[in-house]
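Trainee: In terms of the working numbering, the sequence shown is residues 7 to 174.
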Amino acid sequence: MRTTIAAVLAAVCGVGVAQEPAKPGLEHEWLKKHEGTWAATMKFGGMESKGTATYKMELGGLWLTSTFEGDMLGQKFSGRGMDTYDPAKKKFTSIWADSMNTGFVLMEGTYDKDKKTLTMTGTGPGPDGPATKFKSVAVYPDDDTETFSMYMGDTKEPSFVIEYKRKK
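1. What is the DSSP secondary structure of glutamate 41, reduced to helix, strand or coil?
2. Just verifying my parser: in three-state terms, what is the DSSP assignment at glutamate 163?
3. Whole angstroms is fine: what's the gap from lysine 139's alpha carbon to valine 145's?
4. Could you tell me the boundaries of the beta strand (DSSP E) in which glutamate 26 lies?
5. Quick one: Cα of phenylalanine 98 to Cα of lysine 39, how far?
6. Please state whether the Cβ-Cβ distance between glycine 42 and tyrosine 91 is less than 8 Å.
7. If the criterion is Cβ atoms closer than 8 Å, does the pair valine 167 and threonine 153 meet it?
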């Protein structure tokens, strides 16, 4: 961990002091709208489980961090995520890690304002270990509701669906 921090500092310092730091844009404002605590209902393999997700903008307003706590298949489950917008790629990017795996899922994608849908693709460890393709589709019908569907591999049907409702 210390080596990583030292490498990042060396890279940043090597760039020079004249470079402007990144600033939040309109896409980061959209991410900020998700801050708060959300009740989650996950549907997976004919079963249903409950959880809570908490979102907060951090790191200078550039990253939406998330914490998920709940149960899956009768076991405690927790996960952490970080989402941002990369103006160079013109894409949202996301990283996810959880208590069921030592690897992480890395994804990127675009938001369709007309459909209120964020679609992302990427790779990460599959249920059986080796890397697999992931695709997520998140639909936001209003500011207090999200339907998140995750597809793994080449499946046409989601592997699981999570319904989020903002807690008030």
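Cβ coordinates follow ideal geometry from the N, Cα and C atoms, glycine included.
Mentor: On the basis of the data shown:
1. If you number the sequence shown from 1, residue 41 lands on position 35. Three-state result, glutamate 41: coil.
2. Counting from one through the sequence shown, the residue named residue 163 turns up at place 157. Three-state DSSP puts glutamate 163 in coil, outside helix and strand.
3. For the purposes of this step, residue 139 is identified with residue 133 of the sequence shown, where counting begins at 1. For the purposes of this step, residue 145 is identified with residue 139 of the sequence shown, where counting begins at 1. Between lysine 139 and valine 145, the C-alpha separation is close to 20 Å.
4. On the sequence shown, position 20 is the one that residue 26 refers to. It is not in any beta strand (DSSP E) - glutamate 26 carries neither H nor E in the DSSP assignment.
5. Here the question's residue 98 lines up with position 92 in the sequence shown. Here the question's residue 39 lines up with position 33 in the sequence shown. Rounded to whole angstroms, phenylalanine 98 to lysine 39 spans 15 Å at the Cα level.
6. Walking along the sequence shown from the start, residue 42 turns up at place 36. Walking along the sequence shown from the start, residue 91 turns up at place 85. Contact: no.
7. If you number the sequence shown from 1, residue 167 lands on position 161. If you number the sequence shown from 1, residue 153 lands on position 147. Contact: yes.
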